[in-house]
Amino acid sequence: MMEPVPTDDSTAKPARGTARAAKKEKRAARRRMTGKERREQLLDIGRALFAERGFEGTSVEEIAAKAGVSKPVVYEHFGGKEGLYAVVIDREMRQLLDMVTGALTGGHPRELLEQAAFALLDYIDDYTDGFRILVRDSPVAQSTGNFASLISDIATQVEDILGREFKSRGFDPKLSPLYAQALVGMVALTGQWWLNVQKPKKAEVAAHLVNLAWHGLDGLEARPRLIGHRRS
């Protein structure tokens, strides 16, 4: 009579009950997202793709694939790629504007310049994808604005500071909007350059920006003159 062949428990197939339990656990791990969670997921994925490839280079198919959903889910939440892009732009603009206006907490005018410069550089450093999206021309600019309009909004916050400083020095405070645009634009363009080269350190960049802005303001002429031959 033949002896029964011993079975290696390590290679034995799992019992049906065990297999069903494993499948159940796997399904539980893939818990269905709430509508809010799915929306945030799509926004995060869209933001990363728009920053890397731009609006034209990003497709609804790719957004849906990375989220593990079908295209209709994207349309359900945002109405299409344009709608998703518009929400991303709006959020980033509000984030940057809040950071800059929140940094202007008072103190000496030079300190306020430092705070504004740091706020913009902090945004570039901490929200790099958002900044890369903002500096591109928006294909839905009529509804969401663009980087130029955002810079104008930030400059408006600086106008009051410059207006008070101009008045105390005997300058025309009506010119403060012009100088505010120039100062904020200078920081914004320098920030774009700094994002690409990543040097020198943030604090050093801020110090040099304020150095140029403040000492330029400190030596302002009440009636600036041109020294070249052109007069108009």
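First residue of the sequence shown: 0, per numbering that gives the first Met the number 0; consecutive thereafter.
The beta carbon of each residue, even a glycine, is placed where N, CA and C say it ideally should be.
Check                                                                                                                   : Outcome
Segments assigned alpha helix (DSSP H), at least 4 residues, entirely inside the stretch 153-192                        : none
Backbone CA spacing between residue 85 and residue 54 [nearest angstrom]                                                : 11 Å
Three-way DSSP call (helix, strand, coil) for residue 223 in this model                                                 : coil
Three-way DSSP call (helix, strand, coil) for residue 141 in this model                                                 : With a pLDDT of only 45 at residue 141, under the threshold of 50, the placement of this residue in the model should not be trusted, and no figure is reported.
For residue 74, the first and last residue of its enclosing alpha helix (DSSP H)                                        : 70-77
Nearest-angstrom Cα separation, counted from residue 58 out to residue 80                                               : 7 Å
8 Å contact criterion, which residue 47 and residue 125 should meet: CB distance rounded                                : The Cβ separation is near 15 Å, so there is no contact.
N- and C-terminal bounds of the alpha helix (DSSP H) containing residue 134                                             : No alpha helix (DSSP H) contains residue 134, which DSSP labels as neither H nor E.
C-alpha distance - residue 116 paired with residue 151, whole-angstrom precision                                        : 15 Å
Residue range of the alpha helix (DSSP H) that includes residue 84                                                      : 80-102
Alpha carbon of residue 112 to alpha carbon of residue 149, nearest angstrom                                            : 18 Å
Straight-line gap, residue 35 to residue 76 (C-alpha atoms, nearest Å)                                                  : 10 Å
Top-ranked residue by Cα proximity to residue 156, from 120, 204, 134, 95                                               : 95
Three-way DSSP call (helix, strand, coil) for residue 45 in this model                                                  : helix
Residue 142 versus residue 63: straight-line alpha-carbon distance, rounded                                             : Model confidence at residue 142 stands at a pLDDT of 44, short of 50, so the residue's coordinates are unreliable; what they give is reported in the following sentence. Taking the straight line joining both Cα atoms gives about 24 Å.
Expected contact under 8 Å - CB spacing of residue 179 and residue 208 to nearest Å                                     : With 8 Å as the limit, residue 179 and residue 208 do not qualify as a contact, their Cβ atoms being about 15 Å apart.
Reduced DSSP category for residue 114 - H, G, I as helix; E, B as strand; rest coil                                     : helix
Nearest candidate by alpha-carbon position, reference residue 91, set 71, 131, 33, 170                                  : 131
Distance between beta carbons of residue 70 and residue 61, contact taken as under 8 Å                                  : Actually they do not touch by this definition, with Cβ atoms about 10 Å apart.
Own chain partners of residue 219 with C-beta closer than 8 Å, once the 5 adjacent residues on each side are dropped    : 168, 170
Spatial distance of residue 165 from residue 193 (CA atoms)                                                             : 30 Å
Nonlocal neighbours in the same chain, by C-beta distance under 7 Å from residue 25, ignoring five residues either side : Because the pLDDT at residue 25 is just 48, under 50, the model does not fix this residue reliably, and the value given afterwards should be weighed accordingly. No residues qualify anywhere along the chain.
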